[in-house]
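Here's the structure, in structure tokens; my notes come after.
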Ligand SMILES: Cc1cc2nc3c(=O)[nH]c(=O)nc-3n(C[C@H](O)[C@H](O)[C@H](O)COP(=O)(O)OP(=O)(O)OC[C@H]3O[C@@H](n4cnc5c(N)ncnc54)[C@H](O)[C@@H]3O)c2cc1C
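In mature numbering (1 follows the signal peptide of the UniProt record, and there is no 0), the protein residues as written are -20 to -1, 1 to 466.
Printed below as a string of structure tokens:
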């Protein structure tokens, strides 16, 4: 125990934070005689919030089991800024094409449509803020954090076969599995992939699919792992004469280390984000006959997020058509923020350490590609603003002559990739619904003692980024759970 406390102190000293939570680096370090009121499986965005909020009651002892290593520090947000002519051109565009691309001073004011300064969860020290730094860093000795450890299953405790307060965990497939029972509840916060994987391995899922893998079915629920949704993005490149954003990475690292300034302060080197809402008579609705999938007039259909201006090809996870090597391009993603396509997370083995099967289902619904098509057209309209005359000449990807629906679709199906804002694989639904995984109180349907609190509970993807909504639902869930036990 003393060694663990000393280790924690050492780690915390690095981040100048007075954390009293106790860190264990593997299951073998966990003391045998400990009892926990709550066990949180997964210490990411949602799990970090839940653990910290529940631990505000000093009577509650909380264990967080996290597959990765943990870091501690401090949290905040910033609208970081780098000086570049592209910023000015976008500002001019917001004047010139104000109907489609109005200036937006604060994209988080509830109506994000327009050209806005990007906001980041980066603190005053130019370091990433997270729920580990914002929440877990401020907890006390009643929180234990066990890292490098996988939750393999949740299990019924006692005689009630649906009271899932027991957690099974292990460092890796070769290590022995250990078990602990929470005195009050288990909260699964493994994220949009980890959570359905844990539930399915536990026998909570589709009966036929689990039986086919030899997993005993404890709770029949065909919705577990289904409804997985991610936003779909497409790379675009525009030829430009604007100076590039390339920089010497070694020098930038030195600058960041010494002064916490310079290009490495920002995840991208351009400062803006653009949210576009298609008009009611846009082709997907007027010609395609589709219903608007979004929540209403303040919800964007499309986002543009800019990465760099460079002659270097962009780093991508998909094969993109080759581009001329000596051409400077503005490199950005056009994103359909609210797709209606659905994918799934499923198992292909009863081994909890085997990778799950992830089917993104991108562009499986025609509406999604119809909207992404309009995203390309809208971006081209943006660069046709008088402000960009002489600075942006033509579309490189997709090529300028790719304009018809058919040609655009062929390009989009080649480059479509997930925007990494996955949700929905353990969706919340009304208590008596024939679909869904958790009830409105975050309880896994058909169980007691077991809740899910993470991005997997959103039935549809928010028309924006997902980190903040996860903080929101995790705060709500924490208040609800704490209220029930106080
Ligand atoms: C590369 C990337 C960049 C992103 N950038 C942004 C951004 O700029 N803005 C934004 O708003 N959103 C961003 N997101 C999305 C955002 O990070 C997620 O929506 C959010 O973190 C989801 O929170 P969560 O609690 O559901 O899952 P997570 O934060 O992923 O937490 C899940 C945790 O559970 C752990 N875990 C999983 N399985 C197990 C297991 N079996 N046992 C123990 N632990 C387990 C994982 O290690 C992880 O720590 C990004 C996502 C990615 C992948």
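Ideal placement from N, C-alpha and C gives every residue a C-beta, glycine not left out.
Element boundaries [alpha helix (DSSP H), containing residue i]
i           : result
residue 181 : 171 to 181
residue 70  : 65 to 76
residue 236 : 229 to 239
residue 28  : 25 to 34
residue 187 : 187 to 192
residue 114 : 111 to 114
residue 4   : First-last for residue 4: 2 to 4, but that is the beta strand (DSSP E), not the alpha helix (DSSP H).
residue 463 : 447 to 464
residue 266 : 263 to 266
Check whether residue i and residue j have beta carbons under 9 Å apart
i           : j           : result
residue 2   : residue 123 : yes
residue 253 : residue 87  : yes
residue 314 : residue 36  : no
residue 189 : residue 91  : no
residue 324 : residue 339 : yes
residue 121 : residue 134 : no
residue 191 : residue 398 : no
residue 31  : residue 130 : no
residue 154 : residue 355 : no
residue 239 : residue 406 : no
residue 333 : residue 69  : no
residue 288 : residue 225 : yes
residue 143 : residue 384 : no
residue 366 : residue 5   : no
residue 284 : residue 359 : yes
residue 317 : residue 279 : yes
residue 27  : residue 379 : no
residue 61  : residue 251 : yes
residue 264 : residue 162 : no
residue 377 : residue 303 : yes
residue 128 : residue 48  : yes
residue 172 : residue 403 : yes
residue 157 : residue 132 : yes
residue 396 : residue 298 : yes
residue 197 : residue 425 : no
residue 180 : residue 336 : yes
residue 110 : residue 25  : yes
residue 375 : residue 216 : yes
residue 209 : residue 319 : yes
Residue range of the beta strand (DSSP E) that includes residue i
i           : result
residue 284 : 282 to 290
residue 16  : 16 to 21
residue 168 : 158 to 168
residue 311 : 309 to 316
residue 125 : 123 to 126
residue 149 : 146 to 150
residue 213 : 212 to 220
residue 94  : 94 to 97
residue 135 : 130 to 135
residue 104 : Run containing residue 104: none; DSSP gives neither H nor E here.
residue 43  : 42 to 45
residue 61  : Unbroken run through residue 61: none, as it is neither H nor E.
residue 326 : 324 to 326
residue 339 : 337 to 339
residue 256 : 252 to 256
Test: residue i CB closer than 9 Å to a CB of chain D
i           : result
residue 107 : Going by chain labels, chain D is absent from the structure shown, which holds only one protein chain.
Meets three-Cβ-pair contact criterion under 8 Å: the segment 96 to 114 and the segment 384 to 392: In short, these stretches do not touch, since the Cβ pair count stays below three.
Answer yes if the segment 162 to 169 comes into contact with the segment 21 to 37, meaning at least three C-beta pairs across the two stretches below 8 Å, and no otherwise. Between the segment 21 to 37 and the segment 162 to 169, the count of Cβ pairs shorter than 8 Å is three or higher; the stretches touch.
So, does the segment 212 to 221 touch the segment 294 to 311, judging by three or more C-beta pairs under 8 Å? Yes, the segment 212 to 221 is in contact with the segment 294 to 311.
Restricting to runs no shorter than 4 residues, where is the alpha helix (DSSP H) found entirely within the segment 346 to 421? The segment 346 to 421 contains these whole alpha helix (DSSP H) runs: 346 to 363 and 385 to 395.
Would you check if there are 3 or more beta carbon pairs closer than 8 Å linking the segment 405 to 419 to the segment 433 to 452? Yes, the segment 405 to 419 is in contact with the segment 433 to 452.
Continuous beta strand (DSSP E) assignments of at least 3 residues falling wholly in the segment 418 to 444: Secondary structure remark: continuous beta strand (DSSP E) runs of at least 3 residues inside the segment 418 to 444, in chain order: 430 to 432.
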